[in-house]
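To start, the structure under review is shown below, and the notes come after it.
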Amino acid sequence: MSKALPTRSENYSEWYNELVKRADLAENSAVRGCMVIKPYGYSIWEKMQRALDDMFKETGHSNAYFPLFIPKSYLSKEASHVEGFAKECAVVTHYRLKNDPNGKGVIVDPDAKLEEELIVRPTSETVIWSTYKNWIQSYRDLPLLINQWANVVRWEMRTRLFLRTAEFLWQEGHTAHATSTEAVAETKQMLEIYAQFAEEWMAMPVVKGRKTENERFAGAEDTYCIEALMQDGKALQAGTSHFLGQNFATAFDVKFQDKDGKLEYVWGTSWGVSTRLMGALIMAHSDDNGLILPPKLAPIQVVIVPIYKNEEQLSQISDKVSEIVKDLKKLGISVKYDNNDAYKPGYKFAEYELKGVPVRLAMGARDLENGTVEVARRDTKTKETVSLDGIALHIQSLLDNIQESIYNKALAFKNENTFRADTFEEFNSILDTTGGFVLAHWDGTSETEEKIKEETKATIRCIPLDQKQENGTCIYSGKPSAGRVVFARAY
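Everything in the sequence shown is counted per my numbering, starting at 1230 for the first residue and increasing by one.
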């Protein structure tokens, strides 16, 4: 057995990094700043993809795929967009290698310089809107509701598995509409889908809100977001949805003929979530013993471990287990029977605990005689002996209970770590002692927002959609404020 994980209280960052690796989720790759997502980690991402993809399609969206490479001139067409991404772009300048005449491997062929450099996709607004110009002519072509599952590259200097890597996986939706009203409705609808997924599938409560102008997506008129609170008191942006106005339609001359025959620019949106959600899932729920996975996203929902002294006992246990496995699979429950004799039951228990399998069944010879099985749940680490009669339905109910219990625990944590601050001293004290979401008054200026960030490293995570009208004074400037916003230190 490997040594125990670092504890969250001792070193939260080291605990996270070690857990990602030891639970076989991902590892650093030979390419600096990039990661290898291992099969167990990727199977969680696949479950996330499948659930989200179904939700997108239920709301009328279709999947497509657009080029990885973007001509440099495209990024120049929307000024704020290029300014927002310029420092993170990887640039392709040549298209060919050749043998080094000095015999030292290969070198870039200087004669193979591209006429125009290509940007490795940091996000796809520009290449997609250049395509939409050919797809949209009339109001009959609208709305255009497209999603893309892809990888993107943003040249990060300081990386952390899942949370911040030079290349990551995501989905990006890009839609075009006839009116501003329709586009805003789409932006808000997708935010609701992200919030629903976070809460119902990830068991992770979120705050829905709008970003300030400083934090808005480059090229957007408005950005909506969901913010989650991690166990170390830091916030994590879990999804964003952007109202683009007519910025990209204007930049790429995407017009449509309305019902009156008049040419108008279309209205756009974009929205996305990434493998950063994997980091959120880990940090929102897991403990010092390993992962705690919500059953809806667990690759293995139930593991069954036999306990036996000889081959005859194993054979008898296996016969009974095969019936249980069959009944569980009929209910759509993913189950693994681990009868590998290379490891003892204690090792297996620790391994599946580390990997966050929600339910573990253990069956020995005495259980077989009594018609019972030991059932252990990962989230509370409690065990009970249960009759084999109706065991599949019992497990189904237990998985539902675990999903709800994990959410309620995270919700209680969020509520207990959401504070109100009325002075800058109180604000600083909360951030330095417990962290969490801090609801405080802000005067609405970028200058004050930047100064608070400089002095405290806390940012305005969002202006809550359910913000109450509450006259007060800004904690920093003392100027009037009409309501509280959500501050936090963040990933």
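Where is the CB? At the ideal position from N, CA and C, for every residue including glycine.
- Counting along the chain, the unbroken beta strand (DSSP E) around N1376 starts and ends at 1373-1382.
- R1383 is the residue among R1383, C1263, H1323, W1358 whose C-alpha sits nearest the C-alpha of F1314.
- If you check the CB distance, N1569 and P1535 do not come in under 7 Å.
- Counting only runs of 4 or more residues that sit fully inside the segment 1332-1361, no alpha helix (DSSP H) segment turns up.
- In this structure, the alpha-carbon of E1540 lies about 14 Å from that of K1573.
- Contact between the segment 1292-1311 and the segment 1365-1379 is present, with at least three C-beta pairs closer than 8 Å.
- In this structure, P1524 keeps its C-beta atom at 7 Å or more from the C-beta atom of Q1425.
- For A1432 against H1514, the beta-carbon gap comes to about 7 Å, under 8 Å, which counts as contact.
- Just so you know, the alpha carbons of G1438 and D1451 end up roughly 11 Å apart.
- Under the criterion of beta carbons closer than 8 Å, A1527 and V1586 qualify as touching, at roughly 6 Å.
- Residue pairing by DSSP puts C1691 in a beta bridge opposite V1715.
- Shown here, T1479 sits in a helix according to DSSP, grouped into three states.
- Going by DSSP, V1260 is part of no alpha helix (DSSP H) at all; its letter is neither H nor E.
- With distances taken between CA atoms, C1691 lies nearest to H1670 out of E1684, L1392, I1357, H1670.
- Taking 7 Å as the cut-off, the Cβ atoms of I1455 and G1468 count as close.
- Here the alpha carbon of G1673 sits roughly 11 Å from the alpha carbon of Y1705.
- Taking all protein chains in view, the Cβ of S1409 is surrounded by fewer than 16 other Cβ atoms within 10 Å, so the residue is classified as exposed.
- Taking 8 Å as the upper bound for CB-CB distance, L1343 and Y1324 are in contact here, some 6 Å apart.
- Fewer than three pairs of CB atoms, one per stretch, sit closer than 8 Å, so the segment 1398-1414 makes no contact with the segment 1329-1337.
- Contact annotation: the segment 1661-1668 touches the segment 1455-1465, with at least three C-beta pairs closer than 8 Å.
- By the CB criterion at 7 Å, P1434 and L1640 fall inside the cutoff.
- When rounded, the separation of the alpha-carbon atoms in L1668 and V1715 is 5 Å.
- Fewer than three beta-carbon pairs drawn from the segment 1256-1268 and the segment 1481-1499 are found closer than 8 Å, and the two stretches are therefore not classed as touching.
- Taking every protein chain shown into account, the CB of G1501 has 16 or more other CB atoms within 10 angstroms, so this residue is buried.
- DSSP lists R1393 as the beta-bridge partner residues of R1389.
- Residue burial annotation: P1351 is buried, with at least 16 other C-beta atoms found within 10 angstroms of its C-beta.
- Under the DSSP assignment, F1314 falls in the alpha helix (DSSP H) whose first and last residues are 1308-1314.
- For P1535, the enclosing beta strand (DSSP E) begins and ends at 1531-1536.
- Rounded to the nearest whole angstrom, the CA to CA distance from M1277 to S1675 is 36 Å.
- Excluding its 5 nearest sequence neighbours in each direction, L1392 has C-beta neighbours in its own chain below 7 Å: R1505, G1508, Y1720, listed in chain order.
- Pairing Y1581 with R1589 gives a Cβ-Cβ distance under 7 Å.
- A direct Cα-Cα distance of roughly 25 Å separates Q1545 from Q1625.
- For H1471, the pairing in a beta bridge is given by DSSP as T1452, S1499.
- Burial is judged here by how many other beta carbons sit within 10 angstroms of a residue's own beta carbon; N1240 has fewer than 16 and is exposed.
- Rounded to whole angstroms, the gap between the alpha carbons of L1617 and G1600 is 6 Å.
- Partner residues in the beta bridge of T1404, as assigned by DSSP, are L1374, T1498.
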